[in-house]
Structures are given as C-alpha cells and as structure tokens.
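According to my numbering, the residues represented by the sequence shown are 22 to 453, in order.
Where is the CB? At the ideal position from N, CA and C, for every residue including glycine.
The structure presented is a predicted model; accordingly, all values stated were derived computationally and were not measured.
First comes the structure, then the notes that go with it.
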Amino acid sequence: MDVINYLKDAELVAKIQKFFGVYYSESIVIEKNGETSGLCPKNGSKKNQNGCLSINNSNLCQNDRGNESSKAQVNCTDCSYDDNNETTKVKAKKLKLPIISNYYWYYLFLFSTQLGDEIFYTTFIPFLFWNIDAVVGRRVVLVWGIIMTIGQILKDIIRWPRPECPPAIKLQNKWSQEYGMPSTHAAIGVAIPFSIIIFTINRYNYSVPLGLIFVTTWCTLICISRLYLGMHTVLDIFAGLLLAVVLMVVVIPIISLIDIYLFTNLWILLIFLIISVLTIVYYPCSDRWTPTRGDTAMVVSVTAGIHFGAWLNYKTGLLLPALESPPYEIILPSCWGLIHIFLRFIIGFCCIIPNKVIIKHITYRVVSAIMHLDSQALINSENTLENRAKITSDLTYKFLFCFLFGVLTVYFLPQFFAIIGLERKEFYTEFL
C-alpha cells in the first residue's frame with residue numbers, strides 16, 4: 022500500500038517535472054491602492070526603509086510562453102507609506118508561478134503527447150491504409166479500438182482524479198476534465214507501436230532490433246510526456262502499461278481470426294456494429310460530465326467503419342489475390358511516389374473534413390427540431406450531465422462522422438485515388 026501511495030503522489034510528479042526543468046517560482050504580486058501593479062520575483066525584490074516592497078514595473082516576472090498559470094497563494098502582506106504627503110496602501114501577495122527552464126523538453130514532450138491524441142489518430146490511420154499496408158492497418162486499429170475503449174471505460178468506473186496541482190504543474194488543460202486512472206496514452210503507447218511490430222515482423226524484411234528500439238522510444242516518450250505535462254501520476258502510467266500488455270496477450274493471438282470474420286461475414290460484422298452502439302448507449306455513468314464518453318464513441322465508430330469498409334471491398338469483388346507471398350521487401354518510394362503520398366493525403370483529407378462539418382450541422386439540426394430547441398444555442402450550451410440534448414447530439418454526430426471516416430478511408434477514397442491515377446497498387450491485394 023505504501024508503494025501505491027508513493028506512485029500516486031503528486032509530489033513525485035513534481036519531482037519528475039523539476040528534473041526536466043519545470044518548477045514553481047515564488048513571485049510577489051503588488052497591489053497599490055487596490056490596483057495590481059505587477060509581479061516581482063521574490064529573490065529580486067527590494068525593500069524601502071519602512072519594510073515595504075518597492076514597485077518597479079521594469080522588474081516584472083514575465084510568465085512563460087503560453088503556459089497555464091496555476092497560481093497558488095502562499096502569503097499576503099499589507100503595509101502603507103507616505104508618497105508626496107499621501108498615504109499609499111500596498112498589498113503584497115506571494116504566488117507560485119510555473120517556470121519552464123528548458124524548452125527542448127517542453128516541445129519534445131508536447132509533440133510526444135500528440136502521439137496519443139485525436140489529431141494523431143485521424144492522420145496516422147489513413148496514412149497506414151493509403152501508404153503502408155491495409156492488413157496491418159485493420160489489425161492495428163482493432164487492437165487500438167479494444168484497448169482504448171476498455172481503458173476509457175475504466176476511467177469513469179475508477180474515477181481517480183488527475184495529479185493535484187500544486188504540487189504538480191499542469192502545463193495543458195485539454196484532458197484535465199477526464200479522470201486519470203489508467204493512462205490511455207500509456208496504453209496506446211504500447212498498443213499501436215508494438216502491434217505494428219507484431220503484425221509486420223513476419224510480413225516484411227527489416228531489422229527487428231531497430232524496430233524495437235524505435236517503438237520502445239515511441240512508447241517511452243508518450244509515457245514521460247504525460248508526467249512532464251502534469252496530466253498523470255506514475256501509478257496511472259504503470260496501470261496503463263499493464264492494461265495494454267494484459268489485453269494484448271489475450272487479443273493478439275486471435276486478432277487475425279477476428280479481422281477475417283469481420284470483413285468476410287456479414288452477421289459477425291452486424292453483431293460488431295451493434296456492440297459498438299451499445300457500448301456508447303450503456304456507457305458507465307460518471308458523477309460529472311467528462312469528454313471520455315465522446316472519445317470512446319469516436320474510437321468504436323472508427324473501428325466499426327474501417328471493417329465495414331473492408332467488408333464492402335470484399336463484397337463488391339474489389340479484392341485481388343496477392344502476386345507474391347510474404348515476407349515482402351521494403352521499397353522506399355521514389356520522388357514521384359512521395360508526390361503520390363502527399364497528394365493522397367491532401368486530397369483524402371479535403372474529402373473527409375467537410376463531412377465532419379456537414380454531419381455535425383445536420384445532427385444538431387435534427388436533434389434540435391425533435392426537442393424543439395435552437396440548434397446554435399444547443400451547440401454553444403454547456404456540457405453537463407443534465408444537458409441530455411447536447412450529449413445526444415454530440416455522441417450521435419461523433420459516431421456517424423467517425424464511422425463514415427472509416428468507410429471513406431478504406432472503401433470510397435481508395436477507389437477515387439484509382440480513378441485519378443493516385444492509387445497504391447498493392448492496396449486491394451492486402452486482405453490476408
């Protein structure tokens with residue numbers, strides 16, 4: 022129990038942050054006659070003869086670029102002095118301000134944490150299908166969907182808060198509304214890179230040791246980034262890693278079989294779609310609103326959409342037998358191949374992004390009409406457990422868009438690329 026308490030202590034997070042150059046600096050805010058004059062660093066503050074802090078605007082302590090100022094009041098001192106025969110009241114408040122002394126770590130971990138975020142998923146998944154390997158893509162997405170969904174559900178069941186701030190310093194506020202146990206960033210930091218290694222190790226010829234070094238670095242950067250940004254305790258990270266390892270041990274041996282049944286058997290696919298919807302409808306109730314349920318809706322719908330698109334490819338006879346058997350040689354793209362990759366990416370997302378706007382607009386309009394509400398007011402309304410109309414609209418549009426995102430990625434856009442001469446020729450041979 023002592024070990025668990027130690028690992029979940031926010032002080033440990035603060036020590037790790039300090040190691041990478043993130044710490045609190047005690048500064049003093051000056052209020053003169055009720056008006057704030059500025060911040061003076063404690064070490065650089067000067068006192069006049071009657072013990073009052075001198076006000077020097079040229080000595081203000083500037084906050085770091087774009088940092089969230091998590092201020093903790095420590096002490097307050099009142100005093101007064103005569104200034105041109107007028108009594109001036111001065112109040113000095115000691116505040117703790119976050120300081121970043123090494124921006125190399127800041128930007129490295131800011132980038133690393135994005136490897137477990139929505140922006141990464143929406144770019145990496147299409148890239149995997151359009152430019153790498155559809156078989157690997159389907160199976161990686163399936164592992165990601167299972168682990169991410171279970172991790173998100175556990176968050177709202179366990180309901181452990183994020184590290185206390187202070188002593189920890191939250192450098193980002195994006196995920197602060199969610200609970201922290203387990204860390205799904207850490208879980209996905211294991212699931213995605215290591216499943217790529219597992220599904221490609223017998224499919225392509227490459228240096229496995231170099232691959233392991235790469236994916237281990239990937240996972241490590243994500244885990245440390247969550248501690249650096251003050252978003253998780255060490256125990257959250259360990260729990261996320263353990264969750265991913267346990268689930269992968271169970272899922273990986275049968276993932277190929279599940280994948281084949283999902284895109285070749287309509288009834289299995291329909292059962293999978295029903296389970297995806299029920300996962301969102303009967304999602305565990307939390308004691309407050311968090312974005313976790315909406316994130317889970319996106320994960321399960323993308324996974325369902327990917328496999329529905331694969332089933333359409335199979336049902337319409339687009340899939341072709343492979344010209345050769347694995348393992349395949351990795352061939353680096355030529356200059357023209359790189360142009361094709363770039364064009365597929367740009368054109369693909371130009372087709373995907375408008376659908377998000379359209380589906381969101383239509384969904385909110387329909388729900389608002391059914392409930393006799395103003396759609397724009399509903400969009401701008403606060404996210405709370407009591408705001409059922411907002412929750413229904415948000416979950417519906419996210420599920421529909423992300424399902425369509427999966428179908429577009431695997432079924433419609435590859436055909437469009439073939440029509441305009443940008444297809445990846447091996448795409449339709451990658452089904453086993």
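Beta-bridge partners of Pro119 (DSSP): Tyr45. The three-state reading of DSSP puts Asn226 in strand, counting E and B together. One thing to note: Ser307 has its Cβ no nearer than 8 Å to the Cβ of Arg159. Separation of Ile391 and Ile292 (C-alpha to C-alpha, rounded to the nearest whole angstrom) is 29 Å. In the DSSP assignment, Tyr349 is bridged to Tyr225.
Here DSSP, grouped into helix, strand and coil, assigns Trp357 to helix. Within the same chain, and ignoring the five residues on either side of Leu268 in sequence, the residues whose Cβ sits closer than 7 Å to its Cβ are Ile167, Ile168, Ile171. Its chain contains Leu406 as the residues whose beta carbon lies nearer than 7 Å to that of Arg309, once the 5 sequence neighbours on both sides are disregarded; these appear in chain order. Take the alpha-carbon of Val157 and the one of Ile120: they are about 43 Å apart.
Apart from the 5 residues on each side of it in sequence, Ser122 sits with its Cβ closer than 8 Å to the Cβ of Gly42, Val43, Tyr44 in its chain, given in chain order. Distance from the CA of Ala318 to the CA of Phe422, rounded to the nearest whole angstrom, comes to 10 Å. Within the same chain, Cβ atoms closer than 6 Å to the Cβ of Phe215 are found at Val236, the five residues on either side in sequence being excluded. Taken through DSSP and simplified to helix, strand or coil, His253 comes out as coil. Under the criterion of beta carbons closer than 8 Å, Leu399 and Tyr385 qualify as touching, at roughly 6 Å. Counting of Cβ neighbours within 10 angstroms places Ser355 among the exposed residues, the total staying below 16.
Note that the region 269-280 touches the region 214-231; at least 3 beta-carbon pairs, one per stretch, sit closer than 8 Å.
Where Arg159 is concerned, the enclosing alpha helix (DSSP H) starts and stops at 155-179. With respect to Pro182, Gly261 sits apart: the two C-beta atoms are not nearer than 8 Å. About 6 Å separates the Cβ atoms of Pro147 and Gly369, confirming a contact at the 8 Å cut-off. A straight-line Cα-Cα distance of about 11 Å links Leu290 and Ser297. A distance below 8 Å separates the beta carbons of Gln198 and Pro312.
Here the C-alpha atom of Tyr432 lies approximately 45 Å from the C-alpha atom of Ile190. Rounded to the nearest angstrom, the gap between the Cα atoms of Thr205 and Gly137 is 8 Å. Excluding sequence positions up to five before and after Ile258, its CB lies within less than 7 Å of the CB of Ser204, Ala207, Cys244, Arg247, Leu248, all in the same chain and listed in chain order. In chain order, Leu163 place their CB closer than 7 Å to the CB of Ile279, counting only its own chain and leaving out the 5 sequence neighbours on each side. His253 is classed as buried because its beta carbon has at least 16 other beta carbons within 10 Å across all chains shown. The beta carbons of Phe284 and Trp332 sit closer together than 8 Å.
The beta carbon of Leu434 lies closer than 7 Å to those of Gly369, Cys372 in the same chain, with the five residues before and after it left out. Assignment of Lys419 by DSSP, reduced to helix, strand and coil, places it in the helix class. Going by C-alpha positions, Glu403 is about 26 Å away from Leu250. In this structure, the alpha-carbon of Thr450 lies about 29 Å from that of Gly210.
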